[in-house]
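Listed in order, the protein sequences are those of chains A and B. According to full-length UniProt numbering, the first sequence is numbered sequentially starting from 1. According to full-length UniProt numbering, the second sequence is numbered sequentially starting from 1. What follows is one structure encoded as C-alpha cells, with my remarks underneath.
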Amino acid sequence: MNPMQSKIEAAMAKGKVALIPFLPAGFPSRDQFWKELEQLDAAGAAVIEIGMPFSDPVADGPVVEKASLKCLEDGIDLAWIFEGLKARKGSFNAALLLMGYLNPVYQYGLDAFGADCAAAGVSGLIIADLPHEESGFVKQAMAPHNVALVPLIGLNTSLDRMRLYAEDAQGFCYFVSVLGTTGQRESLPERIREKLAEARSIFTIPIALGFGIKHPDQLASFAGLMDAAVFGSALITHIATGHTSTQFMEPWQ
Amino acid sequence: MKKGYFGDFGGQFIPELLMPPLLELEQAMQAILPSEAFQSRFTAMLKENVGRPSAITHCPNLSRDLGLDLWLKREDLNHSGAHKINNTLGQGLLAKMMGKTTLLAETGAGMHGVATAVAAAMLDMKCLVYMGATDVVRQAPNVNRMRLMGAEVVAVESGTKTLKDAINEALRRWLSDQETTHYCFGTAAGPHPFPTLVREFQQVISREARQQFLERNNNRLPDVVVACVGGGSNAIGMFHHFVPDPSVSIVGVEAAGTGEPGCDNSAPLNLGTDGILHGMKTKLLQSPQGQILPSHSIAPGLDYPGVGPEHAHLHATGRATYVTINDAQAINAFMTLSRREGIIPALESSHAVAYAIEHCAQLKGKSVLVCLSGRGDKDMAIVDSIL
C-alpha cells in the first residue's frame with residue numbers, strides 16, 4: 001500500500017479526518033520552510049504536500065501564485081527541494097507528496113525525477129495540468145520508483161471519467177471542491193455532497209477534499225463522504241502574517 | 001497519430017476541471033461545424049460582415065525596389081482590421097449554437113479582443129476580455145474600441161502583464177464559468193481542440209490567396225509564402241493550402257525583440273526548447289528548470305513565449321522554415337510599406353514584410369506572397385514613441 005494511503009487510513013482508524021497541508025517549497029523563506037514542515041509533521045499531518053513553484057500556475061489562486069512566485073525569485077527549484085528532502089529522509093512521520101505543473105518535471109527528466117523522489121522519501125505526485133488522457137507516460141516513468149500519481153477530480157467530473165481515474169489510482173483521490181482555482185472561500189457549493197457520494201461509489205482509495213478549505217467547521221456537513229482535508233491558501237496566509245504552522249494546526253486536532 | 005497531436009506536439013495538458021468543456025467543444029465541432037445551418041450562416045457572415053474575400057495586392061514600387069515580385073494577402077482590409085475576425089465569428093457562432101451566452105477572450109495586441117467584441121455584439125452575447133496591463137497601456141485605442149462595443153476589459157497585473165498572463169487569467173476564469181461561457185481562444189495554440197478549431201476558421205486565408213494568386217499569375221503558384229508567427233493563427237491560415245505544394249517555400253517570421261544576444265525575444269521555434277504550457281506540448285522560451293521566460297517584441301501580438309503546436313511540427317519536419325526579424329527591422333518595414341505602397345501594416349505583419357526586405361538578395365526574381373495580417377493604426381503610438 002502506498003504510504004499516503006496508509007497514513008490517511010491510520011487517521012481514519014482513529015476516527016479523524018486526515019490532514020493534508022500544502023506549502024510551496026521555500027515558503028516563507030529557504031530556512032524557515034523546513035521548520036514549518038517539521039511543525040506540520042509534529043502537529044499530525046498525514047500527508048504533506050510540497051508545492052513545486054512554477055511561473056504560470058493556472059490552477060492556483062492569488063495566494064498560492066504569489067507565494068510560489070516569491071519562492072522562484074528566491075531561487076527555489078527541484079534540485080533544492082530534493083537536496084533538502086534527502087538530507088531529512090526518514091525524519092517525517094507524514095507521507096510526502098510533490099505538487100505542481102508538468103513542465104518543470106518534464107525538463108528535470110521523468111526518470112531522474114522519479115528516482116530522486118524515491119531517494120528523498122516522496123511517495124506521491126500531483127500534476128495540476130495532467131488529465132487522464134495525457135498521464136500515461138508520467139505514470140509509466142514513476143511506477144518503477146513507487147511514486148503514485150494522485151488523481152484530481154471535481155464537480156464536473158462525470159462518472160465515466162471517475163472510472164478512468166479509478167482504474168489504477170493509488171494513494172488517495174483529490175476531490176476539488178469548486179469550479180475554480182485554489183483559495184479560501186466562505187462557503188462551499190451544495191453539489192459537493194452529491195459528487196462526493198459518486199466518487200465514493202467509484203474509488204476504493206481514500207478521498208481528500210481540497211480547494212477552499214480554511215477551517216475544520218467547513219467539513220462537518222461532509223462527514224462520512226471524505227477522509228482527508230487539503231488546505232493551502234489558508235495556511236500560507238496564516239504563515240505570511242507572522243504565525244506558525246503549529247498554531248494553524250491546533251483547531252484541526 | 002494521437003488525438004490532438006501534430007507529430008510530437010499538441011495535446012491537452014490542462015487541469016481535469018477543464019476537460020469537460022474541452023470535450024464538449026470537440027463534440028460540438030464534430031456535430032455543428034459541418035452542418036448546413038452553421039456553414040451557410042458562417043459563409044454569409046464572412047461575406048457580409050467581414051468583407052471576404054479579402055484582396056491580394058501587388059506591390060509594384062517595392063517589387064521594383066527589392067528586385068522581386070511582392071504580393072500581399074490583405075487581412076488588414078477585414079472588418080475590425082485583422083485576420084482575427086475570421087476566428088472569432090466562427091467560434092462565436094459555434095458557441096451561440098452550443099447555447100453559450102458569454103464569449104471570454106485573452107488578447108495581446110488587442111486585435112483578438114476587438115474581434116471578439118465584434119462577434120459578441122453581432123451575436124448578442126456578453127464579452128469579457130483579459131489583457132495584460134502592459135498591453136492595455138500600449139494598445140489603448142483597441143481597449144477603447146472593445147469597451148465601445150460593450151466588452152468588459154480586465155487588465156491583468158500578474159506576471160509579465162502581457163499575453164501569457166492574460167491567457168493564464170482567462171483559463172482561470174473559464175474554470176469557474178464554463179457552463180455559460182465559451183473561451184474564444186485567439187490563436188492556433190492551447191489545448192486540443194483549439195489549434196485545429198482556429199486553423200479551421202483561418203484556413204480561408206490560404207484558400208482564397210492560393211486561388212487569387214493563380215488567377216493573377218497565369219496559373220502559377222508563388223515561390224514563397226510568408227507570415228508572421230506569434231501564437232501562429234494568421235500563419236497557419238496562410239500556410240494551410242500551400243503545405244501540399246512542394247514548389248512553394250513556406251516561411252514563418254518570429255520576433256527577435258531587440259535582436260541583441262540574450263535579449264528577451266518571442267522566437268520559441270528558433271531559440272526555444274520542447275516544453276508544456278497552456279495546455280500544449282510545443283516549443284517554449286524557458287529556463288533549464290522549466291520556468292517560462294519573459295518574451296518581448298515591439299509587436300504586442302507576437303509577444304508570447306510559446307507557439308502553436310502545428311508550427312512546431314512544420315518546423316520539426318522542415319516543411320516550413322522559421323526565421324527571425326528584430327524590432328528595428330520591423331519598424332523599417334512599417335515605414336517602408338507605408339511610404340512606398342500607401343499601406344500601413346500592423347507591427348506584427350511588419351515582421352513578415354521585413355523578411356522580404358531583409359532577404360531580397362536571396363529572393364531576387366521570385367514571387368513572394370506575404371500575409372498582411374492586420375493594419376497598423378493601432379501601432380501609431382508605439383512607432384511615434386520610437387521615431
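Think of the CB as a built atom: it goes at the ideal place given N, C-alpha and C, for glycine as much as any other residue.
Cβ distance (whole Å) where residue i is taken to contact residue j below 8 Å
i	j	result
R138(B)	P300(B)	6 Å
I192(A)	F222(A)	7 Å
N234(B)	E358(B)	Wrong, their Cβ atoms sit about 20 Å apart, outside the cutoff.
L94(B)	L33(B)	7 Å
S338(B)	W71(B)	The Cβ separation is near 17 Å, so there is no contact.
R172(B)	T181(A)	5 Å
D227(A)	A18(A)	6 Å
I167(B)	H58(B)	That belief does not hold up - the Cβ atoms of I167(B) and H58(B) are roughly 37 Å apart, past 8 Å.
residue 421(B)	G154(A)	In the structure as shown, chain B starts at 1 and stops at 387, and residue 421(B) therefore has no counterpart that could be examined.
M125(B)	T160(B)	The pair is not a contact, with the Cβ atoms about 30 Å apart (cut-off 8 Å).
S378(B)	N218(B)	A quick correction: the sequence has Lys, not Ser, at residue 378(B). Not quite, the Cβ-Cβ distance comes to about 37 Å (not below 8 Å), so this is no contact.
H145(A)	A118(A)	4 Å
G257(B)	D264(B)	5 Å
H192(B)	K3(B)	7 Å
Test item: CB-CB of residue i and residue j under 8 Å
i	j	result
I236(B)	A188(B)	yes
D77(A)	S68(A)	no
A55(B)	T88(B)	no
G171(A)	M4(A)	yes
L152(A)	I126(A)	yes
residue 336(A)	V138(A)	There is no way to answer for residue 336(A), as the model of chain A reaches only from 1 to 253.
G81(B)	M111(B)	yes
A227(B)	F242(B)	no
P222(B)	L369(B)	yes
A141(A)	G124(A)	no
F22(A)	F248(A)	no
V204(B)	R52(B)	yes
G230(B)	S176(B)	no
A170(B)	E348(B)	no
P24(A)	C71(A)	yes
C173(A)	I213(A)	no
A45(A)	I81(A)	no
D327(B)	S295(B)	no
L96(A)	G121(A)	yes
T237(A)	Q39(A)	no
F6(B)	H313(B)	yes
A234(A)	P28(A)	no
G232(B)	H311(B)	yes
Burial state of residue i, where buried means 16 or more other Cβ atoms lie within 10 Å
i	result
T43(B)	exposed
S247(B)	exposed
M380(B)	exposed
I386(B)	exposed
L159(A)	exposed
P195(B)	buried
E260(B)	exposed
P251(A)	exposed
M19(B)	buried
T324(B)	buried
E157(B)	exposed
L48(B)	Here the sequence assigns Glu to residue 48(B), which means Leu is not the residue at that position. Looking at its Cβ environment, which holds fewer than 16 other Cβ atoms inside 10 Å, E48(B) is exposed.
G252(B)	buried
N78(B)	buried
N144(B)	exposed
T180(B)	exposed
A197(A)	exposed
H315(B)	buried
residue 390(B)	The structure shown does not extend to residue 390(B), since chain B is modelled only from 1 through 387, so no value can be given for it.
A43(A)	buried
K281(B)	buried
S177(A)	buried
Length at least 4, wholly inside the stretch 14-52 of chain B: the alpha helix (DSSP H) runs in chain order
Listed in chain order, the complete alpha helix (DSSP H) runs (minimum 4 residues) inside the stretch 14-52 of chain B are 19-32, 36-45.
Only counting runs of 4 or more residues, tell me where the alpha helix (DSSP H) segments fall wholly within the stretch 217-291 of chain B, in order along the chain.
Listed in chain order, they are 233-239, 268-271.
Only counting runs of 3 or more residues, tell me where the beta strand (DSSP E) segments fall wholly within the stretch 108-192 of chain B, in order along the chain.
As for any beta strand (DSSP E) of minimum length 3 sitting wholly inside the stretch 108-192 of chain B, the runs are 126-132, 152-156, 181-183, ordered along the chain.
Flag this pair as touching only if the stretch 124-139 of chain B and the stretch 195-215 of chain B have three or more C-beta atom pairs under 8 Å; answer yes or no.
Using a C-beta cut-off of 8 Å, the stretch 124-139 of chain B makes no contact with the stretch 195-215 of chain B, since fewer than three inter-stretch Cβ pairs fall below that distance.
Tell me, please, whether the stretch 125-143 of chain A touches the stretch 308-324 of chain B by the rule of three or more beta-carbon pairs shorter than 8 Å.
no
Contact set between the stretch 122-133 of chain A and chain C, restricted to residues whose Cβ is under 7 Å from the partner
Given the protein chain composition of this structure (A and B), no chain C is represented.
Enumerated in chain order, which unbroken segments of the alpha helix (DSSP H) with a length of 4 residues or greater are wholly contained in the stretch 309-380 of chain B?
Segments of the alpha helix (DSSP H) lying fully in the stretch 309-380 of chain B: 309-317, 327-341, 347-358.
Three CB pairs or more closer than 8 Å across the stretch 11-18 of chain B and the stretch 47-55 of chain A
no
Three or more C-beta pairs under 8 Å: does that hold for the stretch 36-50 of chain B against the stretch 299-313 of chain B?
no
What are the uninterrupted segments assigned as beta strand (DSSP E) that are 3 or more residues long and contained completely in the stretch 169-244 of chain A, given in chain order?
173-176, 207-210, 228-231
Fully enclosed by the stretch 47-88 of chain A, which alpha helix (DSSP H) runs are 4 residues long or longer?
62-73, 78-87
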